[in-house]
Structures are given as structure tokens and as C-alpha cells.
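Per our numbering, the sequence shown starts with residue 2, numbered consecutively.
See structure below.
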Amino acid sequence: MIFSTLNIVSHHIQGIGMIEIKNVKRKITKLEENGNPARRRDTHWGAWFSLGWRVALEWLVAVLVGYGVGTFLDEWLHSEPWGLIVFLLFGNIAGLLNIYRTYRNDVKTF
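And the structure:
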């Protein structure tokens, strides 16, 4: 009696599990057909505003890192303006490369 009850309950639970799996599969198929709305890019101005801030901050951080490295090397090597000049140039180049990569990867998907 107990085993038959457990067997019925386990079949019932498995049946519920199968229904849930079918629902999940149906939802996945629907998302694949329509595209996942969470992955779609928003072309609203907020997305462009966010991208602009991202690009500006990436460039600023690259320049600040170049400034820091250049200043450190000038202090360490006693070559006052040259390390700063060279690494500010490297920082600007790195920032511009980051902007180009962002354009190539993200802007074309908007």
C-alpha cells in the first residue's frame, strides 16, 4: 500500500516535471524565434548616452594611466618631461584604439 502510494506520487511528480520541461522548451523555442528581448539593443537615446559615457571614461582612464606611468618613470629615471610626454601619447593612442574597438563591436549592432 505504501509503495503503491509512493509510486503514484512519484509518477505524479514526474508528470509535473515533464509538463514544466515542456513549458520551458516552448518558452525557449519562442525566444529563439522572436529573439531574446533582454539581449536586444535598445536604440533609445539612453543607450547612446550610456555608450558615450563609456567611450569617454575609457579614453580618460587610458590617458590617466599614461600620465601615472609617465610621471612614475620620470621620477624613477630622472628624465623629467620625456616619460610624461611619451606615456601621455601612448595613453591617448590606447584611448583612441578603445574608441575604435567600441565602434567596431558595439555601434554597428545598434
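Yeah, the Cβ is synthetic: ideal placement off N, Cα and C, and Gly gets one too.
Quick check on residue i: does DSSP put it in helix, strand or coil?
i: Asp75; result: helix
i: Ser80; result: coil
Buried or exposed, going by whether 16 or more other CB atoms sit within 10 Å of the CB of residue i?
i: Gly84; result: buried
i: Gly47; result: exposed
i: Phe88; result: buried
i: Gly69; result: exposed
i: Val64; result: buried
Throw me the rounded Cβ distance for the residue i and residue j pair, which I believe falls under 8 Å.
i: Glu59; j: Asn99; result: 4 Å
With a Cβ-Cβ cutoff of 8 Å, do residue i and residue j count as a contact?
i: Gly92; j: Gly67; result: yes
i: Thr103; j: Val56; result: yes
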